[in-house]
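Asker: Chains as they are written, first to last, in the working numbering: chain F, 1 to 244; chain S, 1001 to 1251.
#1: If the cut is a Cβ gap below 9 Å, which residues of chain F does residue 1051 of chain S touch?
#2: Please decide whether residue 90 of chain F counts as near chain S, where near means a Cβ-Cβ distance under 9 Å.
#3: Measure the alpha-carbon distance for residue 23 of chain F versus residue 1159 of chain S and round it to whole angstroms.
#4: Can you check whether the C-beta of residue 1262 of chain S is within less than 9 Å of a C-beta belonging to chain F?
#5: Determine which residues share a DSSP beta bridge with residue 146 of chain F and list them.
#6: Going by C-alpha to C-alpha distance, which of F:14, F:158, F:11 and F:67 sits closest to residue 108 of chain F?
#7: Check whether the Cβ of residue 101 of chain F lies closer than 9 Å to any Cβ atom in chain S.
#8: Classify residue 1281 of chain S as helix, strand or coil using the three-state DSSP reduction.
#9: Suppose you measure from the CA of residue 120 of chain F to the CA of residue 1074 of chain S; what does that come to, to the nearest Å?
#10: Measure the CB-CB distance between residue 1063 of chain S and residue 1207 of chain S and report whether it falls below 9 Å.
#11: One question on the structure: do residue 1150 of chain S and residue 1099 of chain S come within less than 9 Å of each other, judged by their Cβ atoms?
#12: What distance in whole Å lies between the Cβ atoms of residue 62 of chain F and residue 8 of chain F, which are believed to be in contact at a cut-off of 8 Å?
#13: Compute the Euclidean distance between the alpha carbons of residue 170 of chain F and residue 207 of chain F, then round it to the nearest angstrom.
#14: Across the segment 1050-1064 of chain S and the segment 1081-1101 of chain S, are there enough close Cβ pairs to call them in contact, namely three or more that are closer than 8 Å?
#15: Mind checking residue 1181 of chain S: buried by the 16 CB within 10 Å criterion, or exposed?
#16: Kindly say whether residue 146 of chain F, judged by its beta-carbon, lies nearer than 9 Å to any beta-carbon of chain S.
#17: Spatial neighbours of residue 181 of chain F within its chain, please: C-beta separation below 8 Å, excluding the five flanking residues on both sides.
#18: What are the boundary residues of the beta strand (DSSP E) that includes residue 50 of chain F?
#19: So who's on the other strand from residue 57 of chain F, going by DSSP bridges?
#20: How far does the beta strand (DSSP E) with residue 170 of chain F in it extend, from its first residue to its last?
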C-alpha cells in the first residue's frame, strides 16, 4: 500500500541535565564535571505507517511521547535512529500561540502566522487574512489593536483561525481544541471535518477520547514511547480509559 | 528539514525591528543615545588626559560604535533561543534562523545608526574618500564574528541559564580591556599581551585604519580577524550542532 508518512524504528532522545543542573553556578557547586547530561529516551523503535486521508488520534498519558512523535513527523525533532519519510507537505504550525507577539496588532500576528506556515505570496496572504478575520469573527477595529488587549479566547480564535483557513494536506493538532467558546469549538470541528473530507490527513493528539472518536477513525495508544495499540478508535479509547 | 524561504527571514527581521520600537516615543533614536552619551562623557573627561591622541573624539567614536554593536548583538543572541522557545517547539524551521534574524535586525539598526554618526564623524575630521567603503566588508566580517560568539553563548544558555547574566557582567570588563577610549600604545609593555588576547583589539585596529586613519585595513590585522572569525564560527557550528536537538526538552 502506498503511504503518506512512514516511520521506521524511530528512536528519539533528548539530552537532559542530571540532578537538575541548570546554571553554571550549580554546575560548579555540585562539581558534577563528568556526565552532567544524560540521555532521556522518548520514543523507542517506533514504527508507523499512515496513508493519505486517514484520521488518526494519538492517546496516552502525559509525557508518553505523543507531542514528540508529531514534532518528529513535522521535522522539528531529528531522530537518533531510524528513518522518517513524509511524502506530503507539512504545515509546520503545531501549537497555538507559537510566535504570537503581544505587542503587535492582530493583523501583524496573522501575517506572521501565515508566513510561518508557508504562505509566501503577498496576494494570497491578503485574501487569506480577510477569510481568517471572518472565521475568527473578529472585526477590523479589534484586529488593529495590539494582541495584548485581546482576551484569551479572542487570541485563541485568532491563532486557530490562521490554522483552519488553509486546506493543508496534513493537519496536526496537539491538544488545542479546548479553545474559544462552545460555538467556536463546534465551528472548528465542522471545519476539521471539511478539511478531512477534502482529502487531508489528520493527526490529532488529545486527552479527550470523546473528541477523538468524533474526529478520527484510527486510534493509537502510546505508553512510555512505545505503541501498545493501533487500530479502531473505539477500542483505542477503551484502552485509554482503562489506563486510569 | 523544510527549506526556509527568504520571505520568512525577511518577515522575522521586520518583526524584530517592529517590536524593538513599538510604543517608544523616539523609536530608533534611542539606539543612538547610548553611544552618544558615552562619547560625551569620554570627550568631556578624557580628552585632556589623552592629548597625545590626534582627533580624540573621532578615535573614541569609531571604536565605540562597533563595541556597542558587539555588546548589543551578543547579549541579544544569548537570549534568542529562550525568547523564541514557543516557536522552536512548534515550527519546523531551522533554529539558527532565529539567531540569524535577531542579528540581522540588529545589523539593519546599526547601519541606520551609522548614517548620522558618519555625519558627526565628518565634522570630527573624517576624510571622505572611497577608502571608507572598506568598512562594508569589515562590518560583514564583524557580524559573522558576533554571530559566532552569540550562537555559542545562546546555545549554552539554553542549558545553563546564567550564561547570559555572566556575559552581561563581563561586558563592561571587555569594554575597558579594549582600547576604545585609550590607545594600546599607552599600555605598559608587560601587560600588552592582555590587549593582544582580546579579539576585539584586532577588529578595532582595522576599523580605525579605515574610519580614523583613512587608509585601507592593514593586511596583518585583517588576516588575524579573518582567522579568528573562522575559528569561532567553526566552534559555534559544532556547539550548535551538538546541542540543537536538545533545545526542545530544555526550553
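Each residue gets a CB set at the ideal place from its N, CA and C atoms; glycine is no exception.
Answerer: The relevant details are as follows:
#1: Near residue 1051 of chain S there are no residues of chain F at all, since even the closest Cβ is about 43 Å away, more than 9 Å.
#2: Residue 90 of chain F counts as touching chain S.
#3: For the pair residue 23 of chain F and residue 1159 of chain S, the Cα-to-Cα distance works out to about 7 Å.
#4: For chain S, the structure presents residues 1001 to 1251; residue 1262 of chain S sits outside this window and is missing.
#5: Bridge partners of residue 146 of chain F: F:105.
#6: It is F:158.
#7: Yes, residue 101 of chain F lies at the interface with chain S (some Cβ there is under 9 Å from its Cβ).
#8: An answer regarding residue 1281 of chain S cannot be provided, because it is not within the stretch 1001 to 1251 covered by chain S.
#9: Computed Cα separation, rounded: 30 Å.
#10: Yes. Within cutoff.
#11: Going by C-beta atoms, residue 1150 of chain S is nearer than 9 Å to residue 1099 of chain S.
#12: In fact, because the Cβ distance is near 26 Å, the residues do not count as touching under 8 Å.
#13: Separation of residue 170 of chain F and residue 207 of chain F (C-alpha to C-alpha, rounded to the nearest whole angstrom) is 21 Å.
#14: Not touching, per the Cβ criterion.
#15: Around the Cβ of residue 1181 of chain S, a 10 Å sphere holds 16 or more other Cβ atoms; the residue is buried.
#16: At least one C-beta of chain S is nearer than 9 Å to the C-beta of residue 146 of chain F.
#17: Within the same chain, residue 181 of chain F has close Cβ partners 153.
#18: Annotation: the continuous beta strand (DSSP E) that includes residue 50 of chain F extends over 37-50.
#19: BP columns for residue 57 of chain F point to F:204 and F:219.
#20: Residue 170 of chain F -> beta strand (DSSP E) spans 170-174.
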